[in-house]
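Residues in the sequence shown are numbered from 0 upward in steps of one, following numbering that gives the first Met the number 0.
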Amino acid sequence: MDMSPWDFAVIISKLMIYIGVSGAIGGIFMCCFAAEDKCYRQSVGKYCFASIFVGFLGVISNFFSQVGAFSDNGVTGMYDEFYLSMLWQSNAGEALVYRCVGFLLASYLVGKILWSTARSKLDLGLYLLSIGCLAISFSLIGHSAELTLFNQFFISIHVLLIAWWLGSLWPLWRGCSLLPLSVIKQTMEKFGVYASYSVLLLIACGALVGYQLVGSVTALFFSVYGQIFLIKLSAVALLIGLAAVHKLQLVPALRKNSNGAMQLQRSIKYEMYIATAVLTATTWLTTMVGPSHS
0 MDMSPWDFAV IISKLMIYIG VSGAIGGIFM CCFAAEDKCY RQSVGKYCFA SIFVGFLGVI
60 SNFFSQVGAF SDNGVTGMYD EFYLSMLWQS NAGEALVYRC VGFLLASYLV GKILWSTARS
120 KLDLGLYLLS IGCLAISFSL IGHSAELTLF NQFFISIHVL LIAWWLGSLW PLWRGCSLLP
180 LSVIKQTMEK FGVYASYSVL LLIACGALVG YQLVGSVTAL FFSVYGQIFL IKLSAVALLI
240 GLAAVHKLQL VPALRKNSNG AMQLQRSIKY EMYIATAVLT ATTWLTTMVG PSHS
C-alpha cells in the first residue's frame, strides 16, 4: 500500500486528535479523584492541558492536510481556496467545529479544576457537553458516517469509552508516585467499579459496530481491515486482562506489600504501551484501510 506524505500527515494528526480526546475525557474525569491533593490535581491538570493542546493542533493540521491531499499541489495546496471552501462546507468542516468547541470547553474545565476543588452542576453539564461535541464529531466523518444513526450512536459510545479508559491511565500511573497508599487503593477501587461496567458496554458496542463494519466472519479473518481489527481487539483484550490483574491482585495487595504501589505503577505503564498500540491501530483503520477495500 503506497503512502503519500499527505496520508502520513493525516495519520499523525488523527493520532494527535485521539490523544486530545483521551486526555479531555479521561483526564478530567480523573481530576475528580483525590482532588483534595493539590500536587496530584495540578499534575493531572497539566496533563489534561497538554493532551488537549495536542488534540487541538491535530484537529487543525488534520483539516489542512485533507485540503492538501485533495488539491495535490504541494504544501501551498493546503491553502487552496476551492478545496478549503469545499471541505469547510462538508462534514469535515462540521466535525472541526464540534471538536474545537469540545476542546475549548474541556480547557475551561481544566482551568477551573486547577484553581478550585469545588464542583457544581454547571461543571458537570459543561463536561457532558464537551463529551457530546467530541462524540458527534466522530459520527460525522470516516466509516461511521456511512452507518445508520443507530450504529453511529454505538460507535460514538465505543470511541468515548476507549478515550475515557486510555485517558485515565496516565493519571492513575502518576497517582502511584504522588498519593499515599491508602488514597491510591481508594482511587483504584473506585475507578475499578466504573471500569467494570464500562468494559461490558465497551465490548458490546465494539462487537456490534465491528460486525457492521467488517460484514462477515470471513472478512474478519481474510481481509486487511478485518486482520487489523483483530489486532486491535487483541490489544483491547490485553488491556482488559491487565485491568483484571490490577483489580483482583495488585490493588488488594497495596496494604500488605510496601512495594505494591511500584508494582502497580509498572503494570499501568505496560497498559499505557498497549493503549498506544490500540490508538495506532484505530488510526490506521480509519485512515488507510476501509471495509470497502476488503
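Built from N, CA and C at the ideal position, the CB exists for glycine as well.
About 6 Å separates the beta carbon of I27 from that of L108, a gap short enough to meet the 8 Å contact definition.
For L253 against K184, the beta-carbon gap comes to about 5 Å, under 8 Å, which counts as contact.
A234 is a Cβ neighbour of V277, given a cutoff of 8 Å. A straight line joining the alpha-carbon of F220 with that of A203 spans about 20 Å. Between S50 and S21, the gap from beta carbon to beta carbon is short of 8 Å.
For the segment 83-131, not one full-length beta strand (DSSP E) segment reaches 3 residues or more. Counting only unbroken stretches of 4 or more residues, the alpha helix (DSSP H) elements lying wholly within the segment 136-184 are 148-177, in sequence order.
Annotation for L229: the continuous alpha helix (DSSP H) segment containing it runs V223 to V244.
Of the other Cβ atoms in all chains shown, fewer than 16 fall within 10 Å of the Cβ of E80; this residue is therefore exposed. In the same chain as Q264, and ignoring 5 residues on each side of it, the C-beta atoms closer than 8 Å to its own belong to W172, C175 and S176, in chain order.
Straight through space, the alpha carbons of R98 and I24 are spaced by roughly 13 Å.
For P4, the enclosing alpha helix (DSSP H) begins and ends at P4 to S21. Comparing alpha-carbon positions, the option among T116, G141 and I154 lying closest to G131 turns out to be I154. Judged by their CB atoms, P170 and M29 are nearer to each other than the 8 Å cut-off. Residue state for C31 is assigned as coil, using DSSP reduced to three classes.
Secondary structure note for M261: its alpha helix (DSSP H) is the uninterrupted segment G259 to T286. Taking a cut-off of 8 Å on C-beta distances, the segment 123-140 touches the segment 83-99, as three or more cross pairs fall below it. Distances from the CA of V250 to each of A8, F190 and D122 were compared; the closest alpha carbon is that of F190.
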